[in-house]
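Trainee: Just so we're aligned, residue 13 is where the sequence shown starts under my numbering, counting upward by one.
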Amino acid sequence: MRIGVIGLGFVGLSLASVLGAKNYRVMGFDSDRTKSFEIKNGNPPFYEPKLEDTMRLALKKGFTIEDNISLIVDNCKLIFITVGTPQRKDGSIDLSMVKSVIEQIGKLLKSTKNKPIIVIKSTVVPGTTINTLLPILNKKSSKKIGKDFDVITNPEFLRESMAINDTISPHAIVLGGTKNRFMKSLERFYQKLHKGIPIIITNSQTAELIKYTNNSFLATKISFINQISNICQSIPGANVEDVARTIGLDPRIGSLFLNAGPGYGGSCLPKDVKAIINFSNKIGVNPVLLDAVEAVNDYQLENLVLTIKKALGKIRGKKITVLGLAFKADTDDIRDSVSIKLIRLLLKSGAKITAHDPKAIDNTKRVFGDKISYSDSTYSALEGSECGIIVTPWKEYSKLNEKHLKIMKKRIIVDSRRMLNPNLNMRYYPIGIGKIR
Ligand code: UDX
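Below, the structure written as C-alpha cells:
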C-alpha cells in the first residue's frame, strides 16, 4: 500500500520516516522546495533525536519526495495531511494551509480512479472537518464522500524531542469520522502498525476536541504546579519539588507534567490553549479555567524577572548569562520559548546578554543577530558574568560546579528548573523554593 504525507514538519516528517523505515512506500510532499531538497539529500530541516537515522533509512527504502501532490492523489490509499495551523493574532488558528491542500486534493480527486482516505492530522478546532473541509472536497471533486473517498480525523500527540519514539509507540490512536469500510481499513492499518495500542473511534468533531483537551489538560497541570511553586517561593524553606513528588504518587494525580518552571512554551501548548479559548468564547462558553491557565503561564516569566531583580538589584549594564534557548531540552526549536521572551525583556532593561544552548544558537541568531553574544560552552558563557539564569533544562546544566562559578564576576545563579546542588558556593535563587532569610 502506498501512503502519502503532505506537509513535512515535525509530525509529517516523523511519520513518513517511521513508515518508510518500516518498509511502507511513502510519498512525501512539502511546498517548501528548499526543505524538500534538504530532506531528499538526507538532511532533516530541524534537530530531533533519532530523526536523521530513521529518515535516511526510510529514504534508502520506500520514502520518496514528490514535486507535486497529483502522484500522491493518484496512487496513495492513505493521504495524511500534516500541514501547520499557525496561530492568528486573536488566538484562532489559520486554516489557510489545510484549506489549500484540501482544495488541491479535491480538484485532483475529480479525475482519478483512486479512492483514498484523507487523514487529517493537522490540529483543527471542533467542527472544522465537517463544516469546512468536507464541503470543499465535495464541491471540488464532484464525488461522493464515503463512496469515492473518505476523510478521517486522526489527531497527533507526539512530543518534540521524542517524536520518533512517540510515532513508533503512541499512547492512543483516535479516529474521527463515519464508521464505514474506509474507517475499518484505517483501523486495520493502525492495528498492524501499533499492536496493542488502544484505538478510539468516534466522530470527527469529538476527535478534534480530544486533541485540544489533551494539550489544555497538560497546560493546566503545568500551570497548577507553577501556581503552587509561586506559593512555595513565598514561604521560607518550602520546596515545590517535594510537593510535586508527593502528590505525583497519588495515582489519581500522576507524576508527569508536574515540573514547575518558567512556564510552558513551544509550538503546541500555547497555541492550542489560545485556540480552544478563542473557540470556546465563539460558541458562548466562558473558558474561565483555561483563561487562568494562560494567566498563570504568563506570570511565570514575570516571576522569573522579579527573581532576577531580587538577585541582582539593578539590571542595567549587568552581564547576564542565559543558559538554554530552546523551549525544552533535546530540540533546537525556539518557537514560543520563554528564554527568547526573557532575553527581550532583559535587553529592554539594559542588560548585556550572553546566551548558551547546545542546539538552538543558530535559530536564536536569526532573532537577535549581534544584539547579544553567544557561547558554545557553559564555561565560556559564564566567564565574567554577574548572573547565570538556567531556563531550559538541558542535562549538562545540572553539572555546573565550582569551576564554572569561579570564573563568574558574581556567583549568582537563578535556576528556573532547580537543577543545581544548593550547597555549591553561590547565591542561589531557585524558582519554587522559598528563601530562608
Ligand atoms: C506538546 C504535547 O506534550 C504533545 O502531546 C503535543 O502533540 C504537542 O505539544 P511539546 O510541545 O513537544 O508537546 O512539548 P512538551 O513536552 O509537552 O512541553 C511543552 C512545554 O511545557 C515546554 O516548554 C516544557 O518545558 C513545559 N513543561 C512540560 C513544564 O514546564 N513542566 C512540565 O512538567 C512539563
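Backbone N, C-alpha and C define an ideal beta-carbon position, used for all residues, glycine too.
Values in this document were obtained by computation on a predicted structure and should not be read as measured data.
Which residues does DSSP pair with residue 75 in a beta bridge?
Mentor: As a working note, residue 75 is residue 63 in the sequence shown. Its beta-bridge partners are 38.
Trainee: Just to confirm, are residue 179 and residue 187 a CB contact at a threshold of 8 Å?
Mentor: Position 167 of the sequence shown, counted from the start, is the residue given in the question as residue 179. Position 175 of the sequence shown, counted from the start, is the residue given in the question as residue 187. In this structure, residue 187 does not lie closer than 8 Å to residue 179 by Cβ.
Trainee: Taking the straight line between their C-alpha atoms, what separation do you get for residue 247 and residue 46?
Mentor: Mapped onto the sequence shown, residue 247 falls at position 235. Mapped onto the sequence shown, residue 46 falls at position 34. Rounded to the nearest angstrom, the two C-alpha atoms are 53 Å apart.
Trainee: Can you name, in chain order, every residue of its own chain whose Cβ lies under 8 Å from the Cβ of residue 24, other than the five neighbours on each side?
Mentor: As a first step, residue 24 must be located in the sequence shown, where it is residue number 12. Same-chain partners within the cutoff: 17, 18, 40, 42, 92, 94, 95 and 133.
Trainee: Within its chain, find whatever has a CB closer than 7 Å to the CB of residue 298; leave out the 5 residues flanking it on each side and keep chain order.
Mentor: As a working mapping, residue 298 is identified with position 286 in the sequence shown. For residue 298, where only same-chain residues beyond five positions count, there are no Cβ hits under 7 Å.
Trainee: What's the call for residue 122, buried or exposed, on a 16-neighbour Cβ count within 10 Å?
Mentor: Working through the sequence shown from its first residue, we reach residue 122 at position 110. By the neighbour-count rule (16 or more Cβ atoms within 10 Å), residue 122 is not buried but exposed.
Trainee: Rank 137, 367 and 219 by C-alpha distance to the C-alpha of residue 393 and give the top, closest one.
Mentor: For this step, residue 393 is matched to residue 381 along the sequence shown. The shortest C-alpha separation from residue 393 is found at 367.
Trainee: Mind checking whether residue 443 and residue 430 have CB atoms under 8 Å apart?
Mentor: Reading the sequence shown from its first residue, position 431 is the one you call residue 443. Reading the sequence shown from its first residue, position 418 is the one you call residue 430. The criterion of a C-beta distance shorter than 8 Å is satisfied by residue 443 and residue 430.
Trainee: Return yes when at least one heavy atom of ligand 1 lies under 7 Å from the C-beta of residue 242, else no.
Mentor: Within the sequence shown, the letter at position 230 stands for residue 242. For ligand 1, not one heavy atom lies less than 7 Å from the Cβ of residue 242.
Trainee: Which value, in whole angstroms, describes the spacing of the CA atoms of residue 164 and residue 325?
Mentor: Counting from 1 along the sequence shown, the entry for residue 164 is found at position 152. Counting from 1 along the sequence shown, the entry for residue 325 is found at position 313. When rounded, the distance between both Cα atoms is 56 Å.
Trainee: Assuming contact is defined by CB atoms lying nearer than 8 Å, are residue 157 and residue 185 in contact in what I supplied?
Mentor: The residue given as residue 157 occupies position 145 in the sequence shown. The residue given as residue 185 occupies position 173 in the sequence shown. No, these two residues do not count as a Cβ contact at 8 Å.
Trainee: Looking at the unbroken alpha helix (DSSP H) that takes in residue 316, where does it start and where does it end?
Mentor: Sequence index remark: in the sequence shown, residue 316 carries index 304 (1-based). Counting along the chain, the alpha helix (DSSP H) containing residue 316 begins and ends at 300 to 324.
Trainee: How would you label residue 307, buried or exposed, when you count the other beta carbons within 10 angstroms and need 16 or more for buried?
Mentor: Here residue 307 refers to the residue found at position 295 when the sequence shown is read from its first residue. Exposed is the call here.
Trainee: What are the boundary residues of the alpha helix (DSSP H) that residue 33 is part of?
Mentor: The residue given as residue 33 occupies position 21 in the sequence shown. 22 to 33 is the span of the alpha helix (DSSP H), which, as asked, contains residue 33.
Trainee: Here's a check: name, in chain order, each residue in its chain whose Cβ is nearer than 8 Å to the Cβ of residue 2, leaving out the five neighbours to either side.
Mentor: This structure does not reach residue 2, given that the chain is present from 13 up to 449, and the question cannot be answered.
Trainee: Just tell me which of 68, 264 and 284 has its CA closest to the CA of residue 167.
Mentor: As a first step, residue 167 must be located in the sequence shown, where it is residue number 155. For residue 167, the nearest C-alpha among the options comes from 284.
Trainee: Run through DSSP, which three-state label would residue 285 get?
Mentor: Locating residue 285 in the sequence shown gives position 273, counting from the first residue. If DSSP states are grouped into helix, strand and coil, residue 285 belongs with the helices.
Trainee: Grab the span of the alpha helix (DSSP H) containing residue 161 for me, first residue to last.
Mentor: Here the question's residue 161 lines up with position 149 in the sequence shown. That residue, residue 161, is in no alpha helix (DSSP H); it is neither H nor E in DSSP.
Trainee: Please specify which runs of the beta strand (DSSP E), each continuous and at least 3 residues long, are wholly inside the stretch 319 to 400, giving them in chain order.
Mentor: 331 to 335, 364 to 368 and 385 to 387
Trainee: With a CB to CB cut of under 6 Å and the five nearest residues on each side skipped, what residues in its chain are close to residue 288?
Mentor: By one-based count along the sequence shown, residue 288 stands at place 276. Same-chain partners within the cutoff: 224 and 228.
Trainee: Any chance the CB of residue 153 is under 7 Å from a heavy atom of ligand 1?
Mentor: Position 141 of the sequence shown, counted from the first residue, corresponds to residue 153. No - ligand 1 has no heavy atom lying nearer than 7 Å to the Cβ of residue 153.
Trainee: Let me make sure I understand the geometry here. Which of 296, 120, 274 and 330 has the alpha-carbon closest to that of residue 81?
Mentor: In the sequence shown, the residue the question calls residue 81 occupies position 69. Nearest of 296, 120, 274 and 330 to residue 81, Cα basis: 120.
Trainee: Of the choices 374, 38 and 144, whose alpha-carbon is the least far from that of residue 73?
Mentor: For the purposes of this step, residue 73 is taken as residue 61 along the sequence shown, with counting starting at 1. Among 374, 38 and 144, the Cα nearest to that of residue 73 belongs to 38.
Trainee: Sort out for me which residues DSSP pairs residue 92 with in a bridge.
Mentor: Taking the first residue of the sequence shown as position 1, residue 92 is located at position 80. Note: residue 92 sits in a beta bridge opposite 17 and 131.
Trainee: In three-state DSSP terms, what is residue 226?
Mentor: The residue given as residue 226 occupies position 214 in the sequence shown. Here residue 226 sits in helix by DSSP.
Trainee: Just checking residue 133 against ligand 1 - is the residue's beta carbon closer than 7 Å to any of the ligand's heavy atoms?
Mentor: Working through the sequence shown from its first residue, we reach residue 133 at position 121. No, Cβ of residue 133 sits at least 7 Å from all heavy atoms of ligand 1.
Trainee: Quick check on the DSSP output: the beta strand (DSSP E) that includes residue 187 runs from which residue to which?
Mentor: Counting from 1 along the sequence shown, the entry for residue 187 is found at position 175. Residues 185 to 188.
Trainee: What would DSSP say about residue 297, mapped onto helix, strand or coil?
Mentor: On the sequence shown, residue 297 is found 285 positions in, with the first residue counted as 1. Shown here, residue 297 sits in coil according to DSSP, grouped into three states, outside any helix or strand.
Trainee: DSSP beta-bridge partners for residue 99?
Mentor: Here residue 99 refers to the residue found at position 87 of the sequence shown. The beta-bridge partner set that DSSP reports for residue 99 consists of 105.
Trainee: With 16 as the cutoff for other CB atoms within 10 Å, does residue 258 come out buried or exposed?
Mentor: Position 246 of the sequence shown, counting from 1, holds the residue named residue 258. Its Cβ having fewer than 16 others within 10 Å, residue 258 is exposed.
Trainee: Strictly by DSSP, which residues pair up with residue 143?
Mentor: Position 131 of the sequence shown, counted from the first residue, corresponds to residue 143. None, per the DSSP bridge assignment.
Trainee: With DSSP as the reference, label residue 200 as helix, strand or coil.
Mentor: The residue labelled residue 200 in the question sits at position 188 within the sequence shown. It is helical.
Trainee: Per DSSP, what are the beta-bridge partners of residue 424 in this structure?
Mentor: Here residue 424 refers to the residue found at position 412 of the sequence shown. Bridge partners of residue 424: 439.
Trainee: With burial defined as no fewer than 16 other Cβ atoms inside 10 Å of the residue's Cβ, what is the status of residue 282: buried or exposed?
Mentor: Indexing the sequence shown from 1 puts residue 282 at position 270. Buried: at least 16 other Cβ atoms inside 10 Å.
Trainee: Does the contact criterion of 3 or more C-beta pairs under 8 Å hold for the stretch 339 to 346 versus the stretch 272 to 280?
Mentor: As far as the Cβ criterion goes, the stretch 339 to 346 touches the stretch 272 to 280, which means the pair count is three or higher.
Trainee: To the nearest angstrom, how far is it from the Cα of residue 192 to the Cα of residue 262?
Mentor: Here residue 192 corresponds to residue number 180 of the sequence shown, with the count starting at 1. Here residue 262 corresponds to residue number 250 of the sequence shown, with the count starting at 1. For residue 192 and residue 262, the distance between alpha carbons rounds to 41 Å.
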